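>
2 protein chains.
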Amino acid sequence: MTVADVVTTDRYPTRLRSASSWIERRDPVVWPGVRKGPAGPGELAAHTTKGFHTQRLLGPEEARRYREELYLLAADSELRGDGRLVLEPDSREVRSIFAVHRLSEAVAALIRRPRILDHARQLLGSDVYVHQSRVNFMPGFTGSGFYWHSDFESWHAEDGMPAPRAVSLSISLTDNHPFNGGLMLVPGAHATFVPCVGETPEDNYRSSLERQRIGVPAEEDITRLVERHGIEQFTGPAGTALWFDSNSMHASGNNITPYPRSNLFVVFNSVDNALTEPYAAPGHRPEFVAARDFAPLSRT
Amino acid sequence: MTVADVVTTDRYPTRLRSASSWIERRDPVVWPGVRKGPAGPGELAAHTTKGFHTQRLLGPEEARRYREELYLLAADSELRGDGRLVLEPDSREVRSIFAVHRLSEAVAALIRRPRILDHARQLLGSDVYVHQSRVNFMPGFTGSGFYWHSDFESWHAEDGMPAPRAVSLSISLTDNHPFNGGLMLVPGAHATFVPCVGETPEDNYRSSLERQRIGVPAEEDITRLVERHGIEQFTGPAGTALWFDSNSMHASGNNITPYPRSNLFVVFNSVDNALTEPYAAPGHRPEFVAARDFAPLSRT
Chain Y
218 MTVADVVTTD RYPTRLRSAS SWIERRDPVV WPGVRKGPAG PGELAAHTTK GFHTQRLLGP
278 EEARRYREEL YLLAADSELR GDGRLVLEPD SREVRSIFAV HRLSEAVAAL IRRPRILDHA
338 RQLLGSDVYV HQSRVNFMPG FTGSGFYWHS DFESWHAEDG MPAPRAVSLS ISLTDNHPFN
398 GGLMLVPGAH ATFVPCVGET PEDNYRSSLE RQRIGVPAEE DITRLVERHG IEQFTGPAGT
458 ALWFDSNSMH ASGNNITPYP RSNLFVVFNS VDNALTEPYA APGHRPEFVA ARDFAPLSRT
Chain P
218 MTVADVVTTD RYPTRLRSAS SWIERRDPVV WPGVRKGPAG PGELAAHTTK GFHTQRLLGP
278 EEARRYREEL YLLAADSELR GDGRLVLEPD SREVRSIFAV HRLSEAVAAL IRRPRILDHA
338 RQLLGSDVYV HQSRVNFMPG FTGSGFYWHS DFESWHAEDG MPAPRAVSLS ISLTDNHPFN
398 GGLMLVPGAH ATFVPCVGET PEDNYRSSLE RQRIGVPAEE DITRLVERHG IEQFTGPAGT
458 ALWFDSNSMH ASGNNITPYP RSNLFVVFNS VDNALTEPYA APGHRPEFVA ARDFAPLSRT
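Sequence lines, in order, name chains Y and P. If you're matching positions, the first sequence starts at 218 in this note's numbering and goes up one per residue. If you're matching positions, the second sequence starts at 218 in this note's numbering and goes up one per residue.
This is how it looks when you write it as structure tokens:
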């Protein structure tokens, strides 16, 4: 393999003109390189097999403090009209705030705690940086959910992330019941890359953050994956955390219960997996969606 | 109380011009009158306290046979254009077939089995007839769910059902997971009648069977009920049955999983609770939505 091959070969082609076969993942899930860390053998085994694992990360009081901090941020009038603030398509309530680890000192400190940062380093086998962070607010009664997708599919196509060497941490700030729009995951589907059909339009990110239309797998692909692997839901009290591989297939249903659902979402990427040019999109997405500052995150 | 009072007094006023207080139910949930029957003391106690109870009614093979029978009925070209067939608003797939106990001999025989018919008689304390029956098909990926409502609120307002002396039997024909749009119920909410705001337009039933807009409680009412009582989901393998009081507050979320969800739904009403004129609607709904043949259902 020459240097030119390394740069130009796309091992995960997607956004195709017609349906294509699934690609078996060759990349590791738990990467070698960092032996010691807070993740236990059971967590690492689950992560390898299912593509995710959960833990009790924050106590109820801590979860409440972060929830209040981020509700205040959502109400901050200085952020109105800011691209980092995404609204619900119908109710126009705040759905997400991006780059929250830059907007909130509390969150900046939280993700640098050894229990989190070293956990991410252990999974990815290297130093890490934050590819994206956000807080998601799913309101009660009108929460509209997210259709099935692999995050890596988007990050590869639209951000130029070469390999699935990234991991997402979702910390629930409210109780996750089985019925208020919590995440559904297909355990084991992270071992398969499902190419999507449809070319990426310019500025796709603006509409896709509200409601995804491009980068969506075919119904037959979802059906086959679920027949093979089933579905698991991420439930638990506020403070429960989910670590999930960037190529996990996941979705969330709507929320017509009175229980809102909020979570803090941070994507760690390996510094050895820094973004290149997008593999299947006309331009870069903004820095707050896909950071291009690849400096390793440090504890202080 | 004179005869005129009995006829004209509306103990459950609804479809009002402005918000009104909740009405505490005075009517029993398990009615006296029929002492012996297949329902055990635990089932009767749960029904009284929560307003519902579940049981394993059909084996997997039996559930499969009814599922196939009703899928064939949905595909029956003779029913196209028939008012008893309701389609999904977006995909135009079959969502429900009404009067299914008249369209299918298998269903007609099933609901006359002593295990079902005598169970209904025991709960309602009298002979019973079928107020409504239908099969619901919630497709995978695009199932759109039902918002919160009490059936009795509709049956009282639009069909003239005097009291909540009716019980619904929902038999799942497919597996009910926590994540494929299964019924959510507010345990204990059947003891409270929540009046709804908004007058009933003519022919409301046509659109309400697709998507309910009238007869919907306010968000604050749902929030207060759920704060008081919580939410339970009806889950279980195909063949599991749910008996629920006509005034149970219930809803179902959407279904974006590949698992379709089908159920057979039969409403038994007491022959001593026969329909009068609608309490809050301009005219009668059709016979297949609200039967006016009050002859008791018999075993043969």
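Beta carbons are placed, not taken as given, at the ideal position from N, Cα and C, and that holds for glycine. Note that the structure is a prediction, hence the values are computed from the model and not measured.
Contact between the segment 442-449 of chain Y and the segment 321-338 of chain Y: three or more CB pairs below 8 Å?
no
> Would the beta-carbon of T417 (chain P) fall within 8 Å of that of A508 (chain P)?
What you label residue 417 (chain P) is simply residue 200 of the second sequence in a count that begins at 1. What you label residue 508 (chain P) is simply residue 291 of the second sequence in a count that begins at 1. No, they are not a contact pair.
> Return the CA-CA distance between G470 (chain P) and F505 (chain Y), expressed in angstroms with no decimal places.
Translated into positions along the second sequence, residue 470 (chain P) becomes position 253. Translated into positions along the first sequence, residue 505 (chain Y) becomes position 288. In a straight line, the C-alpha of G470 (chain P) is about 32 Å away from that of F505 (chain Y).
> Could you tell me the alpha carbon to alpha carbon distance between Y496 (chain P) and A468 (chain P), rounded to whole angstroms?
Numbered from its first residue, the second sequence carries residue 496 (chain P) at position 279. Numbered from its first residue, the second sequence carries residue 468 (chain P) at position 251. Near 24 Å, if we compare the C-alpha coordinates of A468 (chain P) and Y496 (chain P).
> Measuring only the C-alpha atoms, how far is D244 (chain P) from V411 (chain P)?
If you number the second sequence from 1, residue 244 (chain P) lands on position 27. If you number the second sequence from 1, residue 411 (chain P) lands on position 194. D244 (chain P) and V411 (chain P): Cα-Cα distance of roughly 15 Å.
> Does DSSP put I439 (chain Y) in a helix, a strand or coil?
Residue 439 (chain Y) sits at position 222 when you count from the first residue of the first sequence. Reduced to three states, the DSSP call for I439 (chain Y) is helix.
> Any heavy atom of the ligand NAD within a distance shorter than 7 Å of the CB on I473 (chain P)?
The ligand NAD is not part of the structure shown, which contains no ligands of any sort.
> Answer yes or no: does any C-beta atom of chain Y fall closer than 8 Å to that of M401 (chain P)?
Along the second sequence, read from residue 1 onward, the residue named residue 401 (chain P) stands at position 184. Closer than 8 Å to some Cβ of chain Y, the Cβ of M401 (chain P) qualifies, so yes.
> Going by beta carbon distance, what residues of the same chain come within less than 7 Å of A491 (chain Y), once the five residues before and after it are set aside?
As a working mapping, residue 491 (chain Y) is identified with position 274 in the first sequence. Cβ within range, chain order: F511.
> Going along the segment 456-488 of chain P in order, which residues come within less than 8 Å of chain Y, judged by CB to CB distance?
A468, G470, N471, N472, I473, T474, P475, Y476
> According to the Cβ coordinates, are L274 (chain P) and A458 (chain P) closer than 8 Å?
Counted from its first residue, the second sequence places residue 274 (chain P) at position 57. Counted from its first residue, the second sequence places residue 458 (chain P) at position 241. For L274 (chain P) and A458 (chain P), yes; Cβs fall inside 8 Å.
> What does V251 (chain Y) reach in chain P if we use C-beta pairs closer than 7 Å?
As a first step, residue 251 (chain Y) must be located in the first sequence, where it is residue number 34. Close partners of V251 (chain Y) in chain P (Cβ separation under 7 Å) are lacking, with about 35 Å as the shortest Cβ gap.
> Whose C-alpha, out of P:G399, P:L386, P:E370, is nearest the C-alpha of F363 (chain P)?
Here residue 363 (chain P) is taken as the residue at index 146 of the second sequence, counted from 1. Ranking P:G399, P:L386, P:E370 by Cα distance to F363 (chain P) puts P:G399 first.
> Note down, in chain order, each residue of its chain lying with its Cβ closer than 7 Å to the Cβ of R502 (chain P), except the 5 sequence neighbours on either side.
For the purposes of this step, residue 502 (chain P) is taken as residue 285 along the second sequence, with counting starting at 1. For R502 (chain P), where only same-chain residues beyond five positions count, the Cβ hits under 7 Å are E375, D376, Y422.
> Where does the unbroken alpha helix (DSSP H) through T231 (chain P) begin, and where does it stop?
Translated into the one-based positions of the second sequence, residue 231 (chain P) becomes position 14. Counting along the chain, T231 (chain P) falls outside any alpha helix (DSSP H), and DSSP gives it neither H nor E.
> What do you reckon, are the CB atoms on T265 (chain P) and G405 (chain P) nearer than 8 Å?
Stepping through the second sequence from its first residue, residue 265 (chain P) is reached at position 48. Stepping through the second sequence from its first residue, residue 405 (chain P) is reached at position 188. Contact flag unset, no.
> Tell me the DSSP bridge mates of I473 (chain P)?
In the second sequence, residue 473 (chain P) corresponds to position 256, counting from 1. Paired residue(s): none; I473 (chain P) is not in a bridge.
> On the three-state DSSP scale, how would you describe A325 (chain P)?
Here residue 325 (chain P) refers to the residue found at position 108 of the second sequence. A325 (chain P) falls in the helix class under three-state DSSP.
> How about Q450 (chain Y): is its C-beta nearer than 8 Å to some C-beta of chain P?
The count along the first sequence starts at 1 and reaches residue 450 (chain Y) at position 233. At least one chain P Cβ lies under 8 Å of Q450 (chain Y).
> Helix, strand or coil for R516 (chain P), going by three-state DSSP, please let me know.
Within the second sequence, the letter at position 299 stands for residue 516 (chain P). Looking at R516 (chain P) - three-state DSSP - the assignment turns out to be coil, as it is neither helix nor strand.
> Could you work out which residues of chain Y lie near I439 (chain P), taking near to mean beta carbons separated by less than 7 Å?
The residue you call residue 439 (chain P) lines up with position 222 of the second sequence. Those are P475, listed as they occur along chain Y.
> Below 8 Å on C-beta distance, what does F518 (chain P) contact in chain Y?
With chain P covering only 218 through 517, there is no way to say anything about residue 518 (chain P).
> Between Y364 (chain Y) and chain P, is any beta-carbon pair separated by less than 8 Å?
By 1-based counting over the first sequence, the position of residue 364 (chain Y) is 147. Judged by the 8 Å Cβ criterion, Y364 (chain Y) is in contact with chain P.
> Whole angstroms are fine: how far does the CA of Y346 (chain P) sit from the CA of R478 (chain Y)?
As a first step, residue 478 (chain Y) is located in the first sequence; it is residue number 261 there, counting from the start. As a first step, residue 346 (chain P) is located in the second sequence; it is residue number 129 there, counting from the start. Going from the Cα of R478 (chain Y) to the Cα of Y346 (chain P) covers about 43 Å.
> Using a 10 Å radius around the Cβ and a threshold of 16 neighbouring Cβ atoms, would you call P277 (chain P) buried or exposed?
Within the second sequence, residue 277 (chain P) is the residue found at index 60, counting from 1. Counting Cβ neighbours within 10 Å, P277 (chain P) comes out exposed, since fewer than 16 surround it.
> Taking R312 (chain Y) and V324 (chain Y) to be in contact with their CB atoms under 8 Å, please state how far apart those CB atoms are, rounded to whole angstroms.
For the purposes of this step, residue 312 (chain Y) is identified with residue 95 of the first sequence, where counting begins at 1. For the purposes of this step, residue 324 (chain Y) is identified with residue 107 of the first sequence, where counting begins at 1. 18 Å between Cβ atoms; not a contact.
> Would you say T219 (chain Y) lies against chain P (beta-carbon separation less than 8 Å)?
Along the first sequence, read from residue 1 onward, the residue named residue 219 (chain Y) stands at position 2. Reliability of the predicted coordinates at T219 (chain Y) is poor, the pLDDT of 44 falling under 50, and no value is obtained from them.
> Give the secondary structure of L261 (chain Y) by DSSP, where H, G and I count as helix, E and B as strand, and everything else as coil.
For the purposes of this step, residue 261 (chain Y) is identified with residue 44 of the first sequence, where counting begins at 1. It is helical.
> Between L341 (chain P) and S487 (chain P), which are expected to be in contact by the criterion C-beta below 8 Å, what is the C-beta distance as a whole number of angstroms?
Looking up residue 341 (chain P) in the second sequence gives position 124. Looking up residue 487 (chain P) in the second sequence gives position 270. With 8 Å as the limit, L341 (chain P) and S487 (chain P) qualify as a contact, their Cβ atoms being about 4 Å apart.
> Taking the alpha carbon of E305 (chain P) as the point to measure from, which residue in P:G453, P:E285, P:G360 has its own alpha carbon closest?
For this step, residue 305 (chain P) is matched to residue 88 along the second sequence. That would be P:G360, whose Cα lies nearest to the Cα of E305 (chain P).
> Identify whether L320 (chain Y) lies in helix, strand or coil by the three-state DSSP scheme.
Mapped onto the first sequence, residue 320 (chain Y) falls at position 103. Note: L320 (chain Y) maps to helix in three-state DSSP.
> Which residue's Cα is closest to the Cα of E165 (chain P): P:P513, P:P454, P:S515, P:I240?
Beyond the ends of chain P as shown, which are 218 and 517, falls residue 165 (chain P); an answer cannot be given.
> Tell me the DSSP secondary structure of V247 (chain Y) in three-state form.
To locate residue 247 (chain Y), count along the first sequence from 1; it is residue 30. Residue state, collapsed to three classes: coil.
> Please tell me whether S321 (chain P) and L290 (chain P) are closer than 8 Å, where the distance is taken between their beta carbons.
The count along the second sequence starts at 1 and reaches residue 321 (chain P) at position 104. The count along the second sequence starts at 1 and reaches residue 290 (chain P) at position 73. Yes. Within cutoff.
> Relative to the C-alpha of A455 (chain Y), which residue among Y:D368, Y:F396, Y:I388 is closest?
Against the first sequence, residue 455 (chain Y) aligns to sequence position 238. For A455 (chain Y), the nearest C-alpha among the options comes from Y:I388.
> Please work out which residues of its chain come closer than 6 Å, Cβ to Cβ, to W372 (chain P), disregarding the five sequence neighbours upstream and downstream, and give them in chain order.
Within the second sequence, residue 372 (chain P) is the residue found at index 155, counting from 1. So the qualifying residues of the chain are M378.
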